[in-house]
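For the record, in the sequence shown the residue sitting at position 268 is 285 according to our numbering, with numbers rising by one throughout.
Everything below concerns the one structure shown next.
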Amino acid sequence: MDHYVVIVIKKPPFLEGGWFFNTLVIFFHHPTSPSTGRVIIRIQCTDWLFIILALFYIRQHQFLSSGKKERTMIHMARPSSFFHYSSRKSPFLWLRFIFLIFLILLIPLFHLVNNKKDLLIKEISFNSTPTPPMPIPSPAPYPVNTTGVYPGDEVSAAGVVVVDVDSHVYLYKRNDDMLLSPASTTKLMTALVALDVYNLEDVVTVASVSASGQSMGLIAGEKITVENLLYGALIQSGNDAAFTLAQHYPQGGDKFIDLMNKKAQALHMDQSYFTNPMGFDGGEHKVTPRDLSLLALAAIQNKTIAKMVAIPQITVSDVNHVYFHKLSNINQLLGKIPGVGGIKTGWTEAAGENLITYVERNNRKIILVVLHSRDRFGDTIKLIDWVFDNYRWEEMGK
18 MDHYVVIVIK KPPFLEGGWF FNTLVIFFHH PTSPSTGRVI IRIQCTDWLF IILALFYIRQ
78 HQFLSSGKKE RTMIHMARPS SFFHYSSRKS PFLWLRFIFL IFLILLIPLF HLVNNKKDLL
138 IKEISFNSTP TPPMPIPSPA PYPVNTTGVY PGDEVSAAGV VVVDVDSHVY LYKRNDDMLL
198 SPASTTKLMT ALVALDVYNL EDVVTVASVS ASGQSMGLIA GEKITVENLL YGALIQSGND
258 AAFTLAQHYP QGGDKFIDLM NKKAQALHMD QSYFTNPMGF DGGEHKVTPR DLSLLALAAI
318 QNKTIAKMVA IPQITVSDVN HVYFHKLSNI NQLLGKIPGV GGIKTGWTEA AGENLITYVE
378 RNNRKIILVV LHSRDRFGDT IKLIDWVFDN YRWEEMGK
């Protein structure tokens, strides 16, 4: 005798997003098949009705098309009992159809009033814990100037941007779209691109040495890791380190610079342009204070860069431990001003004094950019004091 068996197991309904949901597990078995199929569906309580009706329709179609009066048995499994009913003749199909609808409509009500444990069939258990709703992130506290006081001529920098890291709100701007020379703050972009194209443990052979300006003291022919070159570029602000990172790129230094400009566009640094990885003045090598703040936000969110720029001093070596390089951070605010954690200095005669600073106090994170300053460290200290003297952070909606 041929039997077609369907076992339906429903978990208690739970509420999510304003809708009641069930987890519906359907087992299929036919004597000609040695295995039992299983489908697990998570659907709204009102929707799974149509699944059962579809199964019923398929079986009815098979029964009528076969021309045989087979005995058909359908088992519906529920937490409290099993229901068995059968039909030998097709006129009873509609009665079975009505009975199925009646059962289906009762099941959600049954689960709501009957707080039983999950059904266990053939040692298969189902976790009845409702799926927790997805958490909705709270908006970042909004910085509010409570005094109406803003920096004046006491800050000498031609270009200034102060931005709250979490909310991305600009607390203060001065000539934020003015094109200025970035000097060695360029090396933040050099580092970001290097981390995109190299692994920290990659070994670089120093082909030639750029002797101009600040240096970490590389020796031609020295074999050194990308990680140690990044230390040299970000802490000591070594031009030789930045130059070596760019020249090591397989397609050449010019292609590396192309990647720097593509990265700038990706960060929406729309007005800035780089012509070298060190930060030398000349030509179109220009940035704006606002663009540098975007670069700083990206850099400080990179764990490798954030770690390196916060180190006051470190000694690194080549892979053979023959050449040792003692590196000292040029940022004089590290370890002196509470909360300062980097990020990058810069200076040339044309650029003047440049400084990008990250500071965190009382869980408030600030990026400060000063360009073309006469006293970059003094200007930055004044701006830090001004922020925390005049701003408070308010929760949105309160």
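We treat Cβ as the ideally placed atom computed from N, Cα and C, and that holds for glycine.
Small disclaimer: the values here were computed from a predicted structure and weren't measured.
Selection from Ile-384, Asp-308 and Phe-291 that minimises the alpha carbon distance to Gly-300: Phe-291
How do the region 214–230 and the region 241–257 stand: do at least 3 beta-carbon pairs fall below 8 Å, yes or no? yes
Among Met-325, Val-376 and Ala-263, which has the Cα closest to the Cα of Val-214? Ala-263
Contact the region 294–312 vs the region 321–335: 3+ CB pairs below 8 Å: no
When Asn-216, His-285, Met-233 and Leu-351 are compared against Phe-260, the one with the closest alpha-carbon: Of the candidates Asn-216, His-285, Met-233 and Leu-351, the one whose C-alpha sits nearest the C-alpha of Phe-260 is Met-233.
Is it the case that the Cβ atoms of Ser-225 and Ala-237 are separated by a distance below 7 Å? Going by C-beta atoms, Ser-225 is nearer than 7 Å to Ala-237.
What is the DSSP secondary structure of Lys-343, counted as helix, strand or coil? strand
Pull up the distance between the alpha-carbon of Ile-384 and that of Val-179, whole angstroms please. 6 Å
Per DSSP, the bridge partner or partners of Lys-399: Lys-399 pairs with nothing; no bridge assigned.
Cβ neighbours of Val-172 in the same chain (closer than 7 Å, five flanking residues each side left out): Asp-396, Lys-399 and Leu-400
Give every residue of the same chain whose Cβ lies closer than 6 Å to the Cβ of Glu-412, excluding the five residues on either side of it in the sequence, and list them in chain order. Within the same chain, Glu-412 has close Cβ partners Pro-158.
Given that a residue counts as buried once 16 or more other Cβ atoms are within 10 Å of its Cβ, and exposed if not, what is Phe-99? Confidence is the limiting factor: at Phe-99 the pLDDT is only 35, short of 50, which leaves the residue's position unreliable, though a coordinate-based value still follows. Exposed, by the Cβ-count rule.
For the alpha helix (DSSP H) holding Gln-349, just list the boundary residues, first then last. Where Gln-349 is concerned, there is no enclosing alpha helix (DSSP H), given that its DSSP letter is neither H nor E.
If we cut at 7 Å on Cβ distances, does Leu-251 have a partner in chain B? You won't find chain B in this structure, because it holds only one protein chain.
Leu-309: which of Glu-366, Val-404 and Val-386 sits nearest, CA to CA? Val-386
Using the Cβ count rule (16 or more neighbours within 10 Å means buried), how would you classify Gln-7? With the chain represented from 18 up to 415, any question about residue 7 goes unanswered, as that position is not in the structure.
If you scan the region 187–240 from start to end, which runs of the beta strand (DSSP E) of 3 or more residues do you find wholly inside it? 187–191 and 220–222
Ends of the alpha helix (DSSP H) at Asp-257? Counting along the chain, the unbroken alpha helix (DSSP H) around Asp-257 starts and ends at 256–264.
Look at the alpha carbon of Ala-315 and the alpha carbon of Asn-192, and state the distance between them as a whole number of angstroms. Cα-Cα distance, rounded: 21 Å.
Is Pro-160 near Asp-183, with beta carbons less than 7 Å apart? Pairing Pro-160 with Asp-183 gives a Cβ-Cβ distance that is not under 7 Å.
Buried or exposed: Pro-294, going by 16 or more other Cβ atoms within 10 Å of its Cβ? By the 16-neighbour rule on beta-carbons within 10 angstroms, Pro-294 is buried.
Unbroken beta strand (DSSP E) run spanning Glu-411, endpoints: 408–411
Can you tell which of Thr-374, Leu-276 and Thr-203 has the C-alpha that lies nearest to the C-alpha of Gly-296? Thr-203
Alpha-carbon spacing of Met-286 relative to Val-339, whole angstroms: 41 Å
What did DSSP end up calling Thr-164 once you bin it into helix, strand or coil? coil
Terminal residues of the alpha helix (DSSP H) in which Asn-379 lies: Careful: Asn-379 lies outside any alpha helix (DSSP H) and carries neither H nor E.
If we call anything under 7 Å between Cβ atoms a contact, is Gly-363 one with Ser-229? no
Specify the secondary structure class of Asp-298 as computed by DSSP and reduced to three states. In the structure shown, Asp-298 falls within a coil segment according to DSSP collapsed to helix, strand and coil.
In the DSSP assignment, the beta strand (DSSP E) including Ser-310 goes from what residue to what residue? Element bounds for Ser-310: not the beta strand (DSSP E) but the alpha helix (DSSP H), 306–317.
Quick test of your reading: Gly-176 and Leu-197, contact by CB under 8 Å. State the CB separation rounded to the nearest angstrom. Rounded, the Cβ-Cβ distance is 5 Å, consistent with contact.
Compute the distance between the beta-carbons of Asp-257 and Leu-235, then report whether it is under 7 Å. yes
Using CA atoms only, rank isn't needed, just tell me which of Thr-321, Val-210, Ala-327 and His-389 is closest to Thr-374. Of Thr-321, Val-210, Ala-327 and His-389, the residue nearest in Cα terms is Ala-327.
Element boundaries [beta strand (DSSP E), containing Lys-361]: 357–365
Assuming Ser-345 and Gly-369 are in contact, meaning their beta carbons sit under 8 Å apart, how far apart are those beta carbons, in whole angstroms? Ser-345 to Gly-369, Cβ: 22 Å. No contact.
In angstroms with no decimal places, state the Cα-to-Cα distance between Gln-288 and Leu-205. 17 Å
When the distance is taken between beta carbons, is Ala-208 closer than 7 Å to Leu-12? Nothing in the structure corresponds to residue 12, since the chain is present only between 18 and 415.
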